[in-house]
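Peer 1:
There are 4 protein chains.
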Amino acid sequence: MSPVPEIADRPVRVLDYRPLAAAVLPANTWGYVEGGAGDEHSLGWNEQSWQEIRLWPRALVDVSTIDTSLSLLGTALAHPIALAPTAAHSLYHPGAESQTLVGAGGGDALAVMSTLGSTPVDELGRVAKGPWWFQLYVQADRDFTTDLVQRAVVAGAGAIVLTVDTPLLGARDRDRRMGGHTVDAMRPPNVAPAAHSIDPGARPHQRVYNPYLDPSLTWDTLSWLVEISPVPVLTKGVLRADDARRAVDAGAGGIVVSNHGGRNLDTAVATSTALPGVVEAVAGNLPVLVDGGIRRGTDIAKALCLGADAVLVGRPAIWALAAGGADGVTHLLDLLRSELLMAMGLLGAPTLQDLTGDLLQQ
Amino acid sequence: MSPVPEIADRPVRVLDYRPLAAAVLPANTWGYVEGGAGDEHSLGWNEQSWQEIRLWPRALVDVSTIDTSLSLLGTALAHPIALAPTAAHSLYHPGAESQTLVGAGGGDALAVMSTLGSTPVDELGRVAKGPWWFQLYVQADRDFTTDLVQRAVVAGAGAIVLTVDTPLLGARDRDRRMGGHTVDAMRPPNVAPAAHSIDPGARPHQRVYNPYLDPSLTWDTLSWLVEISPVPVLTKGVLRADDARRAVDAGAGGIVVSNHGGRNLDTAVATSTALPGVVEAVAGNLPVLVDGGIRRGTDIAKALCLGADAVLVGRPAIWALAAGGADGVTHLLDLLRSELLMAMGLLGAPTLQDLTGDLLQQ
Amino acid sequence: MSPVPEIADRPVRVLDYRPLAAAVLPANTWGYVEGGAGDEHSLGWNEQSWQEIRLWPRALVDVSTIDTSLSLLGTALAHPIALAPTAAHSLYHPGAESQTLVGAGGGDALAVMSTLGSTPVDELGRVAKGPWWFQLYVQADRDFTTDLVQRAVVAGAGAIVLTVDTPLLGARDRDRRMGGHTVDAMRPPNVAPAAHSIDPGARPHQRVYNPYLDPSLTWDTLSWLVEISPVPVLTKGVLRADDARRAVDAGAGGIVVSNHGGRNLDTAVATSTALPGVVEAVAGNLPVLVDGGIRRGTDIAKALCLGADAVLVGRPAIWALAAGGADGVTHLLDLLRSELLMAMGLLGAPTLQDLTGDLLQQ
Amino acid sequence: MSPVPEIADRPVRVLDYRPLAAAVLPANTWGYVEGGAGDEHSLGWNEQSWQEIRLWPRALVDVSTIDTSLSLLGTALAHPIALAPTAAHSLYHPGAESQTLVGAGGGDALAVMSTLGSTPVDELGRVAKGPWWFQLYVQADRDFTTDLVQRAVVAGAGAIVLTVDTPLLGARDRDRRMGGHTVDAMRPPNVAPAAHSIDPGARPHQRVYNPYLDPSLTWDTLSWLVEISPVPVLTKGVLRADDARRAVDAGAGGIVVSNHGGRNLDTAVATSTALPGVVEAVAGNLPVLVDGGIRRGTDIAKALCLGADAVLVGRPAIWALAAGGADGVTHLLDLLRSELLMAMGLLGAPTLQDLTGDLLQQ
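Chains as they are written, first to last, in the numbering used here: chain A, 629 to 990; chain B, 629 to 990; chain C, 629 to 990; chain D, 629 to 990.
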């Protein structure tokens, strides 16, 4: 059985899913998916920076078995490719997050589900076919937040992934131009009511705060969250080494190096550029994950050579969900996994531990 | 009330005003606005150099209040975004500098008005809705110049901004090709009669001096100006650290790092490249402003991280003036100000003092 | 007699053969020839990196005789331009490898013939008009491999060129998309039966091993091969200095710096970037050859300035074979040779020994 | 009187002459003018490298008089812009070198006339309106060469400019493709009969020597020439510092840093890159000139900041000659001279001595 029967031109690489998704999604939804902040420099840098890293492969290493398995915060994973949290999957497929989770399970992948998803957190566990984590926006209503964390853990979330880079939204010009999907319009079921309202007649600089985002979070908020959470808490959106050390000090269980897919602060450094400093700062005490621009198995191999334990993919999973539902997501993951295997074989790196920094320079 | 009611496609970023202006201005006026010297390398470098600077944002900083206010040479300003001096606003809008000043006031912005403006200096103060400074070309007739300074100060100019980079005009090919706007054609009311005439039959190298510009200015001219001016005198057009020190020694009240918007000497260094050396040279003794290529809130944040106290925008204000008059100018300033607020929030920099150099590197 | 009578637009440079070949080959064959792995970055970097190296020519050197001759592993060669091993020449010309070998002889060039060629190894020697070497894939059936080496040597191969960079194939998207030429479809006469079969319904990551490639090769395999081979054994596909030292230790007779024409591991370093480290590592104890992106006489001169003893060309020879058979191959080699002579003359380097590193910098 | 009455669209910059020439010249002549060797990298690098150099102008320098005059090898010149030697001006204008020399005189410029010109050397002096030098190819017939030098000096050449970078021609693909202008076809009056003939049936690598070029020249040839020449001998085509020292040792009167306009050895270093090393090597003992890619007054200023005494322009003079004859050449020179004046004024450099290295960096 072909995993993507409804797709005429069968994708052979991640980027092949992009036009398939563009063909089925409304223009403003497509703009919301594809767009980044400002002039979308960070968006491009994320992809380009992985590509520009040169590989120095080892010859004549026995790679007759290649092992991509790892253990992450106590969870056994078949490979280091996870789904990044993204909002409102009902925009992309009627099955919404259920399809995503079935697809992730089919692809043996960890899925990180967003607070802004279209599906109540309690249902996520019921449809999940494998391990999943819950991405958290700490909301102004801390009791609501506490309850949300508890519900996620009860539903089966193996970890909480706290977003630390979004006190407010960036300059999302495509959405402003095309009428993008606001939190109001998405009516996400895991979000408390708006903390304030926006005067539509207000001047632009008077409307920079988002009613659903709490701009007052600090590292103390992380400490509090670590205290109330029964499961490890990762921080997503760290780019600086000093912040990585603060995360360690506040009790974080892991770090996700991210610039929010280039959607928040344009010209924020590419994640591949930021990764080495974070890895050095945590000095092996915590797992480090990275997202942003991962499109190839070689990108994944490079991230691991730079010290990451795993990677997350965001937009590609949306493309595959839109184009092929759960089967699309599974196929996308299988493509990436097969490319990672090929890269490891050709690099002379039969295990993830063999993906070391010397493969990136001489 | 929408601030730009006459604009069908509402701009969501500074660059959106560009095509709106191009659509309403005659071709030679548009060429005069957009053009730079020579092959327009500096023009492009100005914009690109800001964009290429990477940001390293801080996570989990409380940004529930963001304060963009500052005090500049004794004037309290709501934000560090000022209008750069540009010539002959009657070319762009029948209301000329009056509209510009009303727009600047609506946007809570300092406006620097040009000697080559279409409005007598005495009128500027009558229409200004907020603080304004007067840009000065010291003219061959020093008595005329002295009088002009006095009139500007009487009219309310809070500072004099001496242009120091224009002993003659550069190779403005677009103007030479299309019949640009010469000082003669503009008949600016604040300029003394031509100091010499040009033989139209003379060979090109015999026509390099401009009848309205005095090529003999030196640092002593600045000292003289400081002496006669009741208000602080800034020097606009400094790119070198040694010149910045000369400005301090001659009694300047501030420095504007500028390459004249790429309009004078093509391949002059981008202003973002020159800024750090000037900042280091003045060592905090004087305010430093910068213009050239500022199109985004992130550009402004970077300029301040590099040590600038404020920025000026030139062409964008002309675009907005042409497209929407005073309302356009106000809206443009509001867009930039909102982007600056977003950038500060996402950088974890709730005050201007938090915009420090470590946000640009790790 | 024109050497390429059937070609209307006579090529004046290597790249002129490219469109001629594209015009006569089926689309999927063309895709197979031209394509590289992944996004084809290494493919492009190979060509660009040679071009980007600057030459600092010597003036006023007597170049009234220019000598390109050399001796390589005991074989006297008229010039340092060899044909790289490429698969299945019957895809390009009905005369297959026979035409290639006749063309190489006409061009006074060493030819390296592939294990995956369309012609039984025993026949190669009968048609060869000059020196040739045999590229070897060590196959899972070691007895078959031993026999193949013996047959090659009996047929006249002057050396064995062991491929060390292909335990499995890379992400050849063009082939996967267009239905490229698999080893199965090529039915190469010098290859043992498949070592395993592939389940066509298997998921992508379950199909990464190729039935005709042994992924278990190590440096011990090279030692074994050196032992059983009556002729020198070179290793093709070395990019790292440490691997070059391992090759020396294992008894290799030479090294070919190669990234497999960008066809295996995309974003592998360009061969011109890897070459100097390998040259330094072998310290003159072994000849070093290089392939990948050589399109001009200046590229060849640069490779030799960087320490290579000779270069190999792959795709261009296929273009010429497809466009003009043996005459095309000869003409292509003559073009490259004439460009090398011109480069040596203009560099002030009348012998290959005069192509030294100081010609690349000052 | 307009100096270029026949040109409808009056050029305002050097590059404007390019399309005017393209419009009036046959395709193969245009290819001969515009083309460079190989893939024309050096051709492009020459132009781009000047443009990429950043200028750091000085503010508030009195530039009410700007002096571009200099003395070069005893000749007083109004400015440092000379015409580079180029072949066969009869291809571009019926008046050939006579028009060029009249144009140079009109533009107050030194003209360097080529051995391969269309005009007997004896006539050059009769039509010259100002100082001129004679470019020399030392020919195999040394007596002919000696006589040619004597005739040039008698005719008024103030110096001999020995070409040292052309023992043979480079890979001029455009000419080979389009049927370019060979020395045979040009029948230049100042060249001895061919030293050998070329077998049209010979293979490409057997045809690399040119019958009119002596590939055996050495630094001793320069010493000999210095001895027999009554006027100073410059060497044109030096890129290396060690060669510059050899030129000094052999008695050269000056050096022209040149890569032959990118026409000989493709990927030879850009002349702006080579210039500083040569300047340092000669340490002020000889004048240093430079050509290659000079298109703007700022390019000239940069060359002088890097230590050149003067610059030469080649292709632009041909464009102007083709488009407007002597008037075109004069106008072109006037444009460049006016741009140099503007650059000096805006740089705060009122004399050539003020064009110092600190204007290129900080």
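Glycine included, C-beta positions come from ideal geometry on N, C-alpha and C. Predicted model only: the values in this text are computed from it and were never measured.
For a test of the three-state rule: what should DSSP assign to residue 907 (chain B), helix, strand or coil?
Peer 2: As a position in the second sequence, residue 907 (chain B) is number 279, starting the count at 1. Three-state result, residue 907 (chain B): helix.
Peer 1: Give a yes or no on whether 8 Å exceeds the smallest Cβ distance from residue 793 (chain B) to chain D.
Peer 2: Taking the second sequence and counting its residues from 1, the one referred to as residue 793 (chain B) is at position 165. Yes, because at least one Cβ of chain D sits closer than 8 Å to the Cβ of residue 793 (chain B).
Peer 1: For residue 693 (chain D) and residue 978 (chain D), I'd like the C-alpha separation in whole angstroms.
Peer 2: For this step, residue 693 (chain D) is matched to residue 65 along the fourth sequence. For this step, residue 978 (chain D) is matched to residue 350 along the fourth sequence. Approximately 7 Å between the Cα atoms of the pair.
Peer 1: Take residue 669 (chain C) as the anchor and find which of C:921, C:951 and C:945 has the nearest alpha-carbon.
Peer 2: By one-based count along the third sequence, residue 669 (chain C) stands at place 41. Answer by Cα proximity: C:921.
Peer 1: Where does residue 911 (chain C) land, buried or exposed, given buried means 16+ other C-beta within 10 angstroms?
Peer 2: Position 283 of the third sequence holds residue 911 (chain C). Exposed, since its Cβ has fewer than 16 Cβ neighbours within 10 Å.
Peer 1: Where residue 648 (chain C) and residue 951 (chain C) are concerned, what is the direct C-alpha to C-alpha distance, given to the nearest angstrom?
Peer 2: As a working note, residue 648 (chain C) is residue 20 in the third sequence. As a working note, residue 951 (chain C) is residue 323 in the third sequence. Those two C-alpha atoms are separated by around 6 Å.
Peer 1: Would residue 810 (chain B) count as contacting chain D if we go by Cβ distances under 8 Å?
Peer 2: Sequence index remark: in the second sequence, residue 810 (chain B) carries index 182 (1-based). Answer no: the Cβ-Cβ gap between residue 810 (chain B) and chain D never drops below 8 Å.
Peer 1: In this structure, does DSSP put residue 767 (chain B) in helix, strand or coil?
Peer 2: Stepping through the second sequence from its first residue, residue 767 (chain B) is reached at position 139. Residue 767 (chain B) falls in the coil class under three-state DSSP.
Peer 1: According to DSSP, which residues form a beta bridge with residue 864 (chain B)?
Peer 2: As a working mapping, residue 864 (chain B) is identified with position 236 in the second sequence. According to DSSP, residue 864 (chain B) bridges with B:791 and B:884.
Peer 1: Would you say the beta carbon of residue 642 (chain D) is closer than 7 Å to some non-hydrogen atom of the ligand PLP?
Peer 2: By its list of ligands, the structure shown contains no ligand whatsoever, and the ligand PLP lies outside what it can speak to.
Peer 1: Between A:963, A:926, A:794 and A:803, which lies nearest to residue 892 (chain A) when the distance is taken from Cα to Cα?
Peer 2: In the first sequence, residue 892 (chain A) corresponds to position 264, counting from 1. The candidate whose alpha carbon is nearest that of residue 892 (chain A) is A:794.
Peer 1: Cβ of residue 939 (chain D) within 8 Å of Cβ of residue 918 (chain D)?
Peer 2: Here residue 939 (chain D) refers to the residue found at position 311 of the fourth sequence. Here residue 918 (chain D) refers to the residue found at position 290 of the fourth sequence. Result yes, Cβ atoms of residue 939 (chain D) and residue 918 (chain D) sit closer than 8 Å.
Peer 1: Is it buried or exposed, residue 838 (chain B), if we count other Cβ atoms within 10 angstroms and call 16 or more buried?
Peer 2: Position 210 of the second sequence, counted from the first residue, corresponds to residue 838 (chain B). Buried, since its Cβ has 16 or more Cβ neighbours within 10 Å.
Peer 1: Could you check how far apart the C-beta atoms of residue 980 (chain B) and residue 708 (chain B) are, in whole angstroms? I think they sit under 8 Å.
Peer 2: Residue numbering aside, residue 980 (chain B) sits at position 352 when the second sequence is read from its first letter. Residue numbering aside, residue 708 (chain B) sits at position 80 when the second sequence is read from its first letter. Confirmed, about 7 Å.
Peer 1: What separation, rounded to the nearest whole angstrom, lies between the Cα atoms of residue 946 (chain C) and residue 753 (chain A)?
Peer 2: Numbered from 1 along the third sequence, position 318 holds the residue referred to as residue 946 (chain C). Numbered from 1 along the first sequence, position 125 holds the residue referred to as residue 753 (chain A). If you take the alpha carbons of residue 946 (chain C) and residue 753 (chain A), they lie about 57 Å apart.
Peer 1: With distances taken Cα to Cα, identify the nearest neighbour of residue 953 (chain D) among D:811, D:966 and D:730.
Peer 2: Against the fourth sequence, residue 953 (chain D) aligns to sequence position 325. Here the closest residue by C-alpha is D:730.
Peer 1: Residues of the region 676-702 of chain C in Cβ contact with chain D at a cutoff of 9 Å, in chain order, please.
Peer 2: Correct list: 678, 679, 680, 681, 682, 683, 684, 685, 686, 687, 688, 689, 690, 691, 692, 693, 694 and 696.
Peer 1: From the DSSP output, in three-state form, read off residue 684 (chain C) for me.
Peer 2: Your numbering for residue 684 (chain C) matches position 56 in the third sequence. Coil at residue 684 (chain C), not helix or strand.
Peer 1: Would you kindly report the start and end of the unbroken alpha helix (DSSP H) that includes residue 994 (chain A)?
Peer 2: Coverage of chain A is limited to positions 629 through 990, which leaves residue 994 (chain A) absent and any answer about it impossible.
Peer 1: Would you kindly work out how many angstroms separate the C-alpha atoms of residue 641 (chain D) and residue 665 (chain B), rounded to a whole number?
Peer 2: Numbered from 1 along the fourth sequence, position 13 holds the residue referred to as residue 641 (chain D). Numbered from 1 along the second sequence, position 37 holds the residue referred to as residue 665 (chain B). The alpha-carbon atoms of residue 641 (chain D) and residue 665 (chain B) are separated by roughly 11 Å.
Peer 1: Taking all protein chains shown into account, decide if residue 674 (chain A) is buried (16 or more other Cβ within 10 angstroms of its Cβ) or exposed.
Peer 2: Position 46 of the first sequence, counting from 1, holds the residue named residue 674 (chain A). Residue 674 (chain A) is buried by the Cβ-count criterion.
Peer 1: Taking the runs of the beta strand (DSSP E) that are 3 residues or longer, which of them lie wholly in the region 819-853 of chain A?
Peer 2: Those beta strand (DSSP E) runs which fall completely within the region 819-853 of chain A and span 3+ residues do not exist here.
Peer 1: Could you compute how far the alpha carbon of residue 913 (chain B) sits from the alpha carbon of residue 884 (chain A)?
Peer 2: As a first step, residue 913 (chain B) must be located in the second sequence, where it is residue number 285. As a first step, residue 884 (chain A) must be located in the first sequence, where it is residue number 256. Going by the C-alpha atoms only, they are around 42 Å apart.
Peer 1: For residue 941 (chain D), report the span of its beta strand (DSSP E) as first-last.
Peer 2: Taking the fourth sequence and counting its residues from 1, one reaches residue 941 (chain D) at position 313. It spans 938-941 - the beta strand (DSSP E) in which residue 941 (chain D) sits, taken as one unbroken run.
Peer 1: Which runs of the beta strand (DSSP E) fall wholly inside the region 704-742 of chain D and span at least 3 residues, in chain order?
Peer 2: 709-711 and 739-741, all fully within the region 704-742 of chain D.
Peer 1: Using DSSP bridges, identify the partner residues of residue 592 (chain D).
Peer 2: It is not possible to answer for residue 592 (chain D), since the shown part of chain D is limited to 629 through 990.
Peer 1: Sort out for me which residues DSSP pairs residue 811 (chain B) with in a bridge.
Peer 2: Along the second sequence, one-based indexing puts residue 811 (chain B) at 183. BP columns for residue 811 (chain B) are empty, so no partner.
Peer 1: Residues in its own chain within less than 6 Å of residue 948 (chain D) by CB, not counting five upstream and five downstream?
Peer 2: Walking along the fourth sequence from the start, residue 948 (chain D) turns up at place 320. Excluding residues within five positions, the ones whose Cβ falls inside 6 Å are 645, 956, 957 and 960.
Peer 1: Under 8 Å between C-beta atoms, does residue 943 (chain C) make it to chain D?
Peer 2: Indexing the third sequence from 1 puts residue 943 (chain C) at position 315. So, not an interface residue.
Peer 1: Compare the C-beta of residue 844 (chain D) against all C-beta atoms of chain C and say whether one is closer than 8 Å.
Peer 2: Indexing the fourth sequence from 1 puts residue 844 (chain D) at position 216. Yes - at least one Cβ of chain C is within 8 Å of the one on residue 844 (chain D).
Peer 1: Starting from the Cα of residue 970 (chain B), find the closest Cα among A:720, A:733 and A:801 and give me that residue.
Peer 2: The count along the second sequence starts at 1 and reaches residue 970 (chain B) at position 342. Minimum Cα distance to residue 970 (chain B) is reached at A:801.
Peer 1: Roughly how many angstroms lie between the CA atoms of residue 671 (chain D) and residue 772 (chain C), to the nearest whole one?
Peer 2: Against the fourth sequence, residue 671 (chain D) aligns to sequence position 43. Against the third sequence, residue 772 (chain C) aligns to sequence position 144. One C-alpha to the other measures close to 54 Å.
Peer 1: Does chain A have any CB closer than 8 Å to the CB of residue 898 (chain B)?
Peer 2: For the purposes of this step, residue 898 (chain B) is taken as residue 270 along the second sequence, with counting starting at 1. Not an interface residue.
Peer 1: Return the residue from the list B:867, B:662, B:686 and B:751 that minimises the CA-CA distance to residue 984 (chain B).
Peer 2: Within the second sequence, the letter at position 356 stands for residue 984 (chain B). Answer by Cα proximity: B:686.
Peer 1: Please check the pair residue 774 (chain A) and residue 688 (chain B), which I expect to be a contact at CB under 8 Å, by giving their CB distance rounded to whole angstroms.
Peer 2: Start at 1 with the first residue of the first sequence, and residue 774 (chain A) comes out as number 146. Start at 1 with the first residue of the second sequence, and residue 688 (chain B) comes out as number 60. Contact flag wrong, Cβ pair sits at about 18 Å.
Peer 1: Between residue 895 (chain B) and chain A, is there a C-beta pair that is closer than 8 Å?
Peer 2: The residue given as residue 895 (chain B) occupies position 267 in the second sequence. Answer no: the Cβ-Cβ gap between residue 895 (chain B) and chain A never drops below 8 Å.
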